[in-house]
Structures are given as C-alpha cells and as structure tokens.
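Residue numbers are given in UniProt numbering: position 18 of the sequence shown equals residue 18, and the series is strictly consecutive.
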Amino acid sequence: MAVTSRKDEIEVIAGQLVAQSIMTQIVMGHLAMVSEDRGAGIRHAVETGISTMQMNPNMTTLEKFGAVKTLEDALDMIDQIRSAS
C-alpha cells in the first residue's frame, strides 16, 4: 500500500499509535498478573503519569487529552485483568 498524502500519513501514524498502546496495555496487564502486588505499583505509576501530564505547561490541551486517555485505557486494562484473575 502506498502512502500518497498527508492524510494517509496521519492515518498510518494513528494506526501505529493504537497498536503501540495495545502492546503497552498487554505488557502492563501481564505485570498485573505476575506481580506480587497484582499491579498496584504499575497502577500507581500510571496514575502519577496522568497527574504529571495534566500539569505539564509544555503540552497543549489536545496533547494532554490524548495522553491521559491512553493512560486511562491502560488503567482500565489493568483493572480488568486484576478482576479476572
């Protein structure tokens, strides 16, 4: 498939970001399953990351929205895995 326009490039990058997000969630979910604290440490780290991003003056509102949404999705994945195990 050929990438022929700026819109195509953006869509390819968006797809790559979705895949990277899913892979990150899988790794964090695995950590939640195998860690003694059932993912409490990684969950705390993600929550800290969310707070840090929300206060970052160098990020635009939309950048913050995208970053926080991605991390909240990761928290949801951790919670789902913890409740299933």
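Beta carbons: idealized from backbone N, C-alpha and C, even for Gly. Just so it is clear, the structure is predicted and the values come from calculations on it, not from any experiment.
- Here Gly39 carries a coil assignment [DSSP, helix/strand/coil].
- Taking Gln54 as the centre and dropping the five residues before and after it, the same chain places the C-beta of Lys64, Val68 closer than 7 angstroms to its C-beta, in chain order.
- Counted as a single uninterrupted DSSP element, the alpha helix (DSSP H) harbouring Ala84 occupies residues 61-84.
- Annotation for Met33: the continuous alpha helix (DSSP H) segment containing it runs 6-34.
- Ser35 and Ser5 have their C-alpha atoms spaced approximately 45 angstroms apart.
- Per the C-alpha coordinates, the member of His30, Pro57, Gly41, Ala45 positioned closest to Met77 is His30.
- Looking only at Ile10, Ile50, Arg38, Lys7, the smallest Cα-Cα distance to Thr70 is reached by Ile50.
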